[in-house]
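When you line the sequence shown up against our numbering, it's residues 151 to 325, in that order.
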Amino acid sequence: MAEQETQGNSAAAQGDAQQEFGLQKIYVKDISFEAPGAPEIFLQEWKPETNVQLNSQARPVDEKGAYEVELTITVTTRSADQTAYLVEVKQAGVFLVRGVPEDQLGPLLSAYCPNILFPFARETISDLVIRGGFPQLLLAPINFDSLYAQKLNAQKAGESAPADSQAAGNQPQAN
């Protein structure tokens, strides 16, 4: 009886070993903050208009199933027709992906992994903006699944879609 349980457990373990996903490391790959209008921008009435652009890409790191996923977020805020600040953060992670079917690899690397990285990039951007002397900026949540679906639909329709997920939009900012 115990022998049958052991065989059953090892069979289950082999089944789990066929598909493997794990986060190995999260890190900031590149970071930039510019305040070209300082110090004059601080003396003007604060009426911010914020533009956010996203880009994600994935690449294999080795033959063992490690992939680097990089999420780039660029935030440009203007006030009174002058650039107040520009922030760019490249938040990256190394993910172990083994045994995942090819049709599931795209959504995993282009939607699920950027979704994991986003809160780290969001926090870094918020900290940089505050340290730059500006009011806190909290980026709204992003639906990476929807962005990936839009990319696939654009490719199916034959439109010239970018190779990476991209989005742009205005973001309200607190005073």
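Think of the CB as a built atom: it goes at the ideal place given N, C-alpha and C, for glycine as much as any other residue.
Notebook entry, point to check: Since N201 is in the beta strand (DSSP E), which residue starts that stretch and which ends it?
Noted result: P198 to P210
Check: How would you write the range of the alpha helix (DSSP H) that A301 sits in, first residue to last?
Finding: Per the sequence shown, residue 301 should be read as Lys rather than Ala. Run containing K301: F294 to K306, per the alpha helix (DSSP H) assignment.
Note to self: Closest to S226 by C-alpha separation, out of Q305, N201 and E213, would be which residue?
What the structure shows: The sequence shown places Thr at residue 226, rather than the Ser named in the question. Considering only alpha carbons, the answer is N201.
Checklist line | Cβ distance (whole Å) where P198 is taken to contact A234 below 8 angstroms | finding: 7 angstroms
Notebook entry, point to check: Do you know offhand how far G282's Cα is from L193's?
Noted result: 14 angstroms
Notebook entry, point to check: For V279, which of helix, strand or coil comes out of DSSP?
Noted result: helix
Check: Between V219 and A242, which are expected to be in contact by the criterion C-beta below 8 angstroms, what is the C-beta distance as a whole number of angstroms?
Finding: 7 angstroms
Margin query: Within 10 Å of its beta-carbon, does Y141 have 16 or more other beta-carbons around it, so buried, or fewer, so exposed?
Written below: A question about residue 141 goes unanswered here, because the residues of the chain that appear run from 151 up to 325.
Check: On the premise that V250 lies in contact with F171, defined as a C-beta separation below 8 angstroms, what is that separation, rounded to the nearest angstrom?
Finding: 7 angstroms
Notebook entry, point to check: What residues match up with Q232 in a beta bridge as DSSP calls it?
Noted result: S229
Next item on the list: For the alpha helix (DSSP H) containing L255, list its first residue and its last residue.
Entry: E252 to P257
Checklist line | Where the beta strand (DSSP E) containing K175 begins and where it ends | finding: E170 to E184
Note to self: Using the three-state DSSP reduction, which class does E273 fall into: helix, strand or coil?
What the structure shows: helix
Checklist line | Which of helix, strand or coil DSSP assigns to E213 | finding: coil
Checklist line | Buried/exposed call for K214, threshold 16 Cβ in 10 Å | finding: exposed
Check: Cα separation between A304 and S296?
Finding: 12 angstroms
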